[in-house]
Amino acid sequence: MNNTKNIFYITTPIYYVNDKPHIGHAYTTILADVLSRFHRAQGNDVFFLTGVDEHGQKVQQAALKAGIKPKDHCDRMVVHFQKTWEKLEITNDFFIRTTDDYHKKAVQNVLRDLWNKGEIYEHEYGGFYCVGCERFYTTKELVDGKCPQHLKEPEYIKEKNYFFRMSKYQDWLVDYINRNPGFIQPESRRNEVLGFLKNKLEDLCISRPKSRLSWGIELPFDKDFVTYVWFDALLNYVTAIGYKQDDAKFNKWWPANYHLIGKDIVTTHCVYWPTMLKAAGIPMPKTIFAHGWWLVDETKMSKSLQNIVKPLDLIDKYGVDPVRYFLIRDMVLGQDANFTEEMFIRRYNSDLANDFGNLVSRISTLIRKNYDNLIPREDKPDEIDEEVRKNAESLPISVHKLINELRLYEAIETVIAFVRSINRYMEIQQPWKLVKQDKEKTGSVLYTAAEGLRIAAKLLEPVMPGKIADLLGAFPVHSDKLIWGNLKSGQPLGQLPILFPRVQTKKLEHKPKKADNKPSEKDINLVTIDDFAKIKLVTAKVMEAERVPDTAKLLKLQIDTGKEHRQIVAGIADHYEPEQMIGKTIVVVTNLQPVTIRGIKSNGMLLAAKKGKKLRLVTAMDDIEPGASVG
Ligand code: MSP
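Using my numbering, you'd call the opening residue of the sequence shown number 2 and step up by one each time.
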């Protein structure tokens, strides 16, 4: 059993076919895809599994509503998932349907084994059942008598059923989680599970009488019952890779490196699943990772709230790659993230159209115009060029580390920050002017910028496979490795595609969040527009920057506020080098009383955002002159 270091098995939840896929489903699937592509690029042997969960009451009800048989309903719905994943360029190695024969047989095999081992018993039981969750709740778990997920009162049901002896594994599970800190991630979810396990664990009801629900896998030891949908669904992670049918295949892939899930299904994955595996004698997966929710207007997407963002609509409007980019860039893994089209467009315009797209077009225009479209030579690199090269060489190492820690949003930000630094480098070197005086030197600058761009693009390829492949296809290379110098001088640069045309934005309307106008508790500290107008905020350009001697944190900046040049002192030296500051458009308060800090006059204050140890300057996203008022 067990993985060699090159094996990478990753799974998504299998999605219910009672509805079409939305951004939430797409997110988990894209995340698994990005990780799979990344591991394949590293030379690892990858198995990426996704699929659909087709049994259970929800699906039966949806079929009933559509007036068709459950299997026909599944056959109809599964196409939406398969088509969406195809459009999103998802490279899953297998797509499981729980109505597939091999899966049903394997589930029955597991049930038979557990029954024979006495892990399953028959019992009369009464409990609160939530159809939405397809599970019984104990009274303690209900909030005001309602299911905490669906906020609906569950039905009280009493009937004979079959139970899995889950309770007997409680101590083992607590101990296992404690001894394996990487098993449940992030830590907040791990703590949540440990908290849940402080209460006595009940046995798990794993059957449904056919009289109530017929749509499921029949129990091999009682034909009047079907298997509880979660018991059937969780087993997909092993049946899809040949459990009880193809030992060689199963032993090659299991245990999974990652089960990616949303935070809504933590209990089933972190309590039911490990105890099921333990009872069946199967080793544990390495990591179960629960990400947060995509929210729309701060609420979870749901059909009943009619706030579903359908991935295909977005792709049709903006293209696949920007959608993938936004979802991965804007969710801090583990936390919830809010989705609005406005945020999407803002991210698209700033990172993709501006930072990335501008660099591509600058480089290609200059090479076409001045070097007959042939990649110039890196003849006369100076210190500044060398610095870009050094940064490009260390970039893959830091990005790979972040990806291995599942900090994908930071990995992307690191690459884009590097792209921004090349744009800055171009502004410092000014190849468009330099070419008139020194063509060789300009050649070095353009080689450096192009090779930096190639490496950055290569690192973004798992996230935006389509556009980046087009881009990289235009670069003549010795090999497409992440190694500096693989860009071939003297060879023609191919036709570069227009990657990310800017999206024009309309003025946005501000929707009031609440229907009534009563001030909430939060509103009590609100300021009026007149209070706010007292503070004069303007954009300013940093002309010069230097450290204040004998201090660790202070930078002295000379800024242009549009009307005048001023000097300010800012405590940002921990976070920004003086060179980085030059040319930045920042936001400053200009009507503050001047102060003297360490003997240096400071006439104004810049704005920065701070959280924990992280500090970032507040800057103007797109080009704007100094002196523009901010408000
Ligand atoms: N069928 C079960 C899972 C069985 S896995 C053995 C199920 N299906 S589901 O269709 O409801 O999809 C659940 C998963 O979709 C979540 O865990 C999450 O991965 C994803 N998302 C659904 N809505 C989401 C958001 N609003 N935001 C982010 N992801 C969410 O539960």
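All C-beta atoms in this analysis are idealised placements derived from N, C-alpha and C, irrespective of residue type, glycine included. Quick caveat, the model's predicted, so the values are computed rather than measured.
task = Could you pull the start and end residues of the beta strand (DSSP E) that L568 belongs to?
result = With the sequence shown as reference, residue 568 is identified as Gln, and Leu is not the correct amino acid for it. Start and end: 566-571.
task = Measure the C-alpha to C-alpha separation of F640 and K301 and round it to an integer number of angstroms.
result = The structure shown has nothing for residue 640, since the chain only spans 2 to 632.
query = In its own chain, which residues sit with a C-beta less than 6 Å from the C-beta of S630, not counting the 5 before and 5 after it?
reply = V539
query = Skipping 5 residues on each side, what residues in its chain have a beta carbon closer than 6 Å to that of A621?
reply = T540, T586
key: Beta-ladder partner(s) of V596, from DSSP   = S603
ask   = If you draw a straight line from the alpha carbon of L607 to that of V132, how long is it in whole angstroms?
value = 54 Å
ask   = Between the region 282-294 and the region 176-191, do at least 3 Cβ pairs fall closer than 8 Å?
value = yes
task = Taking 7 Å as the cut-off, decide whether the C-beta atoms of V570 and I536 are in contact.
result = no
6 Å CB neighbourhood of I8 in its chain, flanking five on each side removed = D46
inquiry  = Going by DSSP, what residue range makes up the alpha helix (DSSP H) through L344?
reply    = One point to set straight first is that residue 344 is Met, not Leu, in the sequence displayed. Start and end: 342-348.
key: Entirely enclosed beta strand (DSSP E) segments - the region 60-140, minimum 3 residues   = 95-98, 121-131, 136-138
ask   = Taking the continuous beta strand (DSSP E) assigned at W295, which residues delimit it?
value = 295-297
message = To test your reading of the DSSP string, which unbroken beta strand (DSSP E) runs of 3 or more residues are found completely within the region 277-332?
response = 288-292, 295-297
inquiry  = For ligand 1, I want to know if Y16 counts as a neighbour, meaning its beta carbon is within less than 6 Å of at least one of the ligand's heavy atoms.
reply    = yes
request  = Would you be able to state if there are at least three C-beta pairs under 8 Å between the region 396-410 and the region 367-382?
outcome  = no
query = Alpha carbon to alpha carbon, what distance is there between N117 and Y229?
reply = 18 Å
message = Could you check whether S208 and N179 sit closer than 7 Å to each other, using their CB atoms as the reference points?
response = no
message = For L236 and K72, I'd like the C-alpha separation in whole angstroms.
response = 20 Å
inquiry  = Helix, strand or coil for M544? Go by DSSP, reduced to three states.
reply    = strand
ask   = Under three-state DSSP, which class holds V464?
value = coil
message = Can you tell me whether L235 sits near ligand 1, meaning its C-beta is under 6 Å from at least one heavy atom of the ligand?
response = yes
request  = Please decide whether D623 counts as near chain D, where near means a Cβ-Cβ distance under 7 Å.
outcome  = This model lacks chain D altogether, as it is built from one protein chain only.
query = Excluding five sequence neighbours on each side, which residues of the same chain lie with their C-beta closer than 8 Å to the C-beta of V361?
reply = L454, L472, L497, L500
query = What residues in its chain sit with their C-beta under 6 Å from that of G57, if we drop five residues either side in the sequence?
reply = E135, V230
ask   = Which residues bound the beta strand (DSSP E) around V46?
value = The amino acid occupying residue 46 in the given sequence is Asp; Val does not appear at that position. Start and end: 46-54.
request  = Measure the alpha-carbon distance for I346 versus V504 and round it to whole angstroms.
outcome  = 7 Å
inquiry  = Using C-beta distances below 7 Å, list every residue in its chain close to G572, excluding the 5 sequence neighbours before and after it, in chain order.
reply    = K554, L555
In DSSP terms, what G486 is bridged to = Looking at the DSSP assignment, G486 forms no beta bridge with any residue, so it has no partner.
query = Given 8 Å as the limit, is there contact between the region 77-97 and the region 26-37, that is, 3 or more CB pairs closer than that?
reply = yes
key: Collapsed DSSP secondary structure at S212 in the structure displayed   = coil
task = Taking 8 Å as the threshold, find out whether the region 195-205 comes into contact with the region 164-174 through three or more Cβ pairs.
result = yes
ask   = Within 6 Å: the Cβ of G25 and any heavy atom of ligand 1?
value = yes
message = Since P432 and L447 should fall inside the 8 Å C-beta cutoff, what is the C-beta to C-beta distance between them, to a whole number of angstroms?
response = 6 Å
task = State the DSSP-derived secondary structure class of R503, mapped to helix, strand or coil.
result = coil
inquiry  = Using 8 Å for Cβ pairs, my map puts Y184 next to P155. What's the rounded Cβ distance?
reply    = Before going on, a small fix: residue 184 reads as Phe here, not Tyr. At roughly 30 Å, the Cβ-Cβ gap does not stay under 8 Å, so F184 and P155 are not in contact.
request  = Look up G493 in the DSSP assignment and give the residues it is bridged to.
outcome  = The displayed chain sequence assigns Pro, not Gly, to residue 493. Beta-bridge pairing links P493 to L375.
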